[in-house]
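Novice: First the structure, then my questions, so here it is.
Below, the structure written as structure tokens:
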């Protein structure tokens, strides 16, 4: 039987509400307000980082929540929910879905164990595999994740030159796997979102374009500086 969660997010927008420690909007309560604004704008679900924000957002709003726990561990490039304990922390905080870095990179704990622990402790919750490539997806597919998300395309050494957003990856995943594909990563324009859905995406997650004002501002100021430079070089 198709889950209520799938019905709520199919062909809808998910908004990632996150702020790292060095960002202006970091602090308790800030992402609850950001989530409120996103929901007012039509977001069907929220993606949030860290137990506190997950708990606060889930307490405030009756909306599907994708949770993760970003944590840097020395010697390992994987930082999105890198261990089973991180995954359990996310789900104990109330997330409906736990997002896990499922790239082929060196990791502190094997994916087999993380998936097994999650399914044992929270059999009714879902697992989202954040991947960067078709190779990542092929490897993790044996563990039967509930979603595949293109979150990390362009952020691993092997995918730095991939298109942004990576709609071609969405197309390839849709063609090869019978798993809902979440398009995520570097979506800045409404037209790109439409193209992702046309490529077969189940949902599209938007982040920085909505929730990181400093990056939004930089997009405009950088464009302006390039325009000024081009005018100067042409003698106008």
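Residue numbers (my numbering): 1245 to 1480. Glycine residues also receive a C-beta, built at the ideal position from the N, C-alpha and C atoms.
#1: Does DSSP put residue 1401 in a helix, in a strand, or in coil?
#2: Which one of 1284, 1322, 1424, 1331 has the shortest CA to CA distance from residue 1311?
#3: Using only the alpha-carbon positions, how far apart do residue 1258 and residue 1418 sit?
#4: Excluding the 5 residues preceding and the 5 following residue 1264 in the sequence, name in chain order all residues of the same chain whose CB lies nearer than 7 Å to its CB.
#5: Counting only runs of 3+ residues fully inside the stretch 1252-1293, write out the beta strand (DSSP E) ranges in chain order.
#6: Just to confirm my understanding: we take residue 1277, look at its own chain, exclude 5 residues before and 5 after, and list those with CB closer than 8 Å. What are they?
#7: With respect to the beta strand (DSSP E) encompassing residue 1428, which residues constitute its N-terminal and C-terminal limits?
#8: In chain order, what residues of the same chain lie with their CB nearer than 8 Å to the CB of residue 1323, ignoring the 5 residues before and after it?
#9: Which residues does DSSP list as the beta-bridge partners of residue 1341?
#10: I'd like the list of long-range same chain contacts for residue 1268, defined as Cβ closer than 8 Å, with 5 residues on each side in sequence excluded.
#11: Note down the Cα distance separating residue 1383 from residue 1348, rounded to an integer number of angstroms.
#12: Find the nearest neighbour of residue 1291 within the set 1343, 1320, 1333, 1329, judged by alpha-carbon distance.
#13: Please name the residue in 1374, 1339, 1444, 1325 whose C-alpha comes closest to that of residue 1353.
#14: Report yes if the C-beta distance between residue 1444 and residue 1415 is below 8 Å; otherwise report no.
Specialist: Taking the geometry as given:
#1: helix
#2: 1331
#3: 19 Å
#4: Sequence-distant partners of residue 1264 (beyond 5 residues in either direction) whose C-beta falls short of 7 Å from its own C-beta, in its chain, are 1270.
#5: Fully enclosed beta strand (DSSP E) runs of no fewer than 3 residues occupy 1257-1261, 1289-1293 of the stretch 1252-1293, in order along the chain.
#6: none
#7: 1425-1428
#8: 1314, 1315, 1316, 1317, 1345
#9: 1310, 1370
#10: 1457, 1458
#11: 8 Å
#12: 1343
#13: 1325
#14: yes
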